[in-house]
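FYI, the numbering for the sequence shown is -21 to -1, 1 to 326, going by mature numbering (1 follows the signal peptide of the UniProt record, and there is no 0). Glycine included, C-beta positions come from ideal geometry on N, C-alpha and C. The model shown is predicted, which means the values in this text are computed figures rather than measured ones.
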Amino acid sequence: MYVKRSLCCLFGVLFLTSVTGCVQFERISPAIETGDNPHVATQNKDIRHYEKNLSPIVLERVPYRDSKYYDAYRLSTPSSGTNEQPGNVVSGEYLASRGLARKKLVIIVPIYGSSSIPPENLAMHLTVWNGDADTNVLLLHGTDDLFNWNEMAHSATLQEFLDEVDASARRITTTITDVRRLIDWAETRPEIDPKRIGIAGLSISAMIGSMVMGTDPRVAAGVFAMGGGNWQDIFVHCTSEDVATAREHVMRSFGLAPEELRIMLEQRLRAVNPMHVIGHVNTARVLIVDSLYDDFIPRSTQDALWRALGKPERITLKYAHKEAFLRSIIGLHFTERVSATFFKEKL
């Protein structure tokens, strides 16, 4: 029996090792072990100026979503502006630990307009699959993109296109404000330790999450995966079909060269560019996960975000954008596991 059990353990270890080995990556240690990020941005006053606002939050129990150590709630609250989500509402799922002592909180920002699977997997690693039950999680929903690519792709005039770009910038600002209002709410909850609030963002939400952390000192730790800075460079180079369709329409219809479009977008999106928003953060409490051959988020924009955050610990997967997410799943949720481990150690 002992030999059989030992063999089972050995095969289990070999299996986990082989599966994890499916993910090719390199790790860069943080440039600064402790202390604040020396990067000083030309900060957006509209985003940085914030007054607490205890907006009405509706929590509705969802017992069928409960797990052994967690109670599940459906959360909703009116957006502070126009957020492009159904009903103009901020919604999500709140997973509250049943433990008696105050626990940390991780806010997971969704991949707006895209897959909900990676954020949901991260929530599971932080809660249901976390035997310590030491983390409350707020998993936000984001069914619609913050950029209306379809409207851009059908703009009849250059001004219509620019108006839609401006509307996207306003939605980003609104979304950042909405997340900060949720932090206001979290500070009032008896089960949440207000000094241990973290944030996670993947793809487009990595930019949102980094700007929340870079403007709100109440966020103590952050994990940002497959994101970047400089929206204008992403728009000009991203190969995602919806972005490429909008870009090609604008360049063809209005006679713009790539560099002309890039300069125009830089001016319009500067106020919500992480490079010009992120202030001082504790670099030792930031983890970057990105993809070396990313065809959606150019490498230069990944480097820019990494520098803006003070060159924190960085794990680079050696894949393109979508493949990085897929390989992470095949590798037993590699990105989600390293993210959950980071929050356990740093938050």
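Between the beta-carbon of residue 88 and that of residue 54 there is about 14 angstroms, and that puts the pair past the 8 angstroms contact cut. For residue 30, there is no enclosing beta strand (DSSP E), as DSSP gives it neither H nor E. Within the same chain, 173 come within 6 angstroms of residue 166 by CB-CB distance, once the 5 residues on both sides are set aside. In this model, residue 211 and residue 276 are separated by some 11 angstroms (Cα to Cα). Runs of the beta strand (DSSP E) spanning 3 or more residues and lying entirely within the stretch 67 to 117 occur at 68 to 76 and 82 to 88, in chain order. Excluding the 5 residues flanking it on each side, residue 226 has no same chain C-beta neighbour closer than 6 angstroms. DSSP places residue 203 within a strand segment (E or B) once states are collapsed to three. DSSP links residue 49 through a beta bridge to 76.
Around the Cβ of residue 101, a 10 Å sphere holds 16 or more other Cβ atoms; the residue is buried.
For residue 6, the beta-bridge partners assigned by DSSP are 294. About 5 angstroms separates the beta carbon of residue 280 from that of residue 208, a gap short enough to meet the 8 angstroms contact definition.
CA-CA distance, residue 141 to residue 247, rounds to 8 angstroms. Between residue 274 and residue 236, the C-beta spacing is not below 8 angstroms. Around the beta carbon of residue 324, fewer than 16 other beta carbons sit within 10 angstroms, so the residue counts as exposed.
Rounded to whole angstroms, the separation of the alpha carbons of residue 262 and residue 85 is 18 angstroms. By the Cβ rule, the stretch 56 to 74 counts as touching the stretch 105 to 121, because three or more pairs are nearer than 8 angstroms.
Between the stretch 265 to 274 and the stretch 282 to 297, the count of Cβ pairs shorter than 8 angstroms is three or higher; the stretches touch. The alpha-carbon of residue 213 is positioned some 29 angstroms away from that of residue 311.
It is roughly 29 angstroms from the alpha-carbon of residue 255 to the alpha-carbon of residue 83.
For residue 278, the uninterrupted alpha helix (DSSP H) segment begins and ends at 278 to 287. Shortest Cα-Cα distance from residue 134 to any of 171, 230 and 98 involves 230. Around the beta carbon of residue 40, fewer than 16 other beta carbons sit within 10 angstroms, so the residue counts as exposed. In the structure shown, the three-state DSSP call for residue 218 is coil. For residue 170, there is no enclosing alpha helix (DSSP H), since its DSSP letter is neither H nor E.
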